[in-house]
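**Student:** Residue numbers for the sequence shown follow my numbering, beginning at 1 and rising by one.
Every residue gets a Cβ at the ideal spot worked out from N, C-alpha and C, and that includes glycine.
Sharing a structure below in structure tokens format, with a few things to ask.
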Amino acid sequence: MAGKVGARKVARGVGEIELDALLAALAEPTRVRLIALLGEGETCVCHLLEALDLPQPLVSRHLGVLRRAGLVLARRDGRWMWYRLALNGSPLVRALVAALLEHREELPGFARAARRCDRSRGAQGCCD
1 MAGKVGARKV ARGVGEIELD ALLAALAEPT RVRLIALLGE GETCVCHLLE ALDLPQPLVS
61 RHLGVLRRAG LVLARRDGRW MWYRLALNGS PLVRALVAAL LEHREELPGF ARAARRCDRS
121 RGAQGCCD
């Protein structure tokens, strides 16, 4: 980022990301829960909405921050967006995500969100 003093860059595949943007993305509890939920595999946004019990615009905004930080990837399937972890990022990104996934059961609200997400995935619904 031009004019930003002390910004550090982390290699990400072809490009680079700002270290402060990466850490800022991880500083919000909802985004950390999203990463933990995506540790179960690619997930439709409708299941993430059900899991977190938050409005779609808010969840989409959080997912956008995670995408820009290089933590998640997205693909469109008809009307629905599917998200997954970006596991081929820099070693730092991979290490941070691995640490979050290893300790996800300790995250406030994760167990409830995971149960809700599992129920949503098992039900016929929006993206089937």
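Name the one or two DSSP bridge partners that Arg84 has.
**Tutor:** Arg84 pairs with Leu73.
**Student:** Where does His103 land, buried or exposed, given buried means 16+ other C-beta within 10 angstroms?
**Tutor:** His103 is exposed by the Cβ-count criterion.
**Student:** With distances taken between CB atoms, is the gap from Ala86 to Gly64 smaller than 7 Å?
**Tutor:** Not closer than 7 Å, so no.
**Student:** Kindly indicate which three-state DSSP category Cys44 falls into: helix, strand or coil?
**Tutor:** Residue state, collapsed to three classes: strand.
**Student:** Mapping DSSP to helix, strand and coil, what is Glu18?
**Tutor:** Strand at Glu18.
**Student:** How many Å lie between Cys126 and Phe110 at the Cα?
**Tutor:** Those two C-alpha atoms are separated by around 23 Å.
**Student:** Take every Cβ of the segment 76-86, pair it with every Cβ of the segment 23-43, and state whether three or more of those distances are shorter than 8 Å.
**Tutor:** Yes, since at least three Cβ pairs between the segment 76-86 and the segment 23-43 fall closer than 8 Å, the two stretches touch.
**Student:** Hey, how far is the Cα of Arg115 from the Cα of Leu101?
**Tutor:** So the alpha carbons of these two residues sit roughly 16 Å apart.
**Student:** What does a CB cutoff of less than 7 Å around His132 pick up in its chain, not counting 5 residues either side in sequence?
**Tutor:** The first residue shown for the chain is 1 and the last is 128, placing residue 132 beyond what the model contains.
**Student:** Can you name, in chain order, every residue of its own chain whose Cβ lies under 8 Å from the Cβ of His62, other than the five neighbours on each side?
**Tutor:** Closer than 8 Å at the Cβ level, and outside the excluded window around His62, lie Glu28, Thr30, Arg31 and Leu34.
**Student:** Pull up the distance between the alpha-carbon of Glu50 and that of Leu23, whole angstroms please.
**Tutor:** Going by the C-alpha atoms only, they are around 26 Å apart.
**Student:** So, helix, strand or coil for Ala27, using DSSP?
**Tutor:** Ala27: coil per DSSP, three-state reduction.
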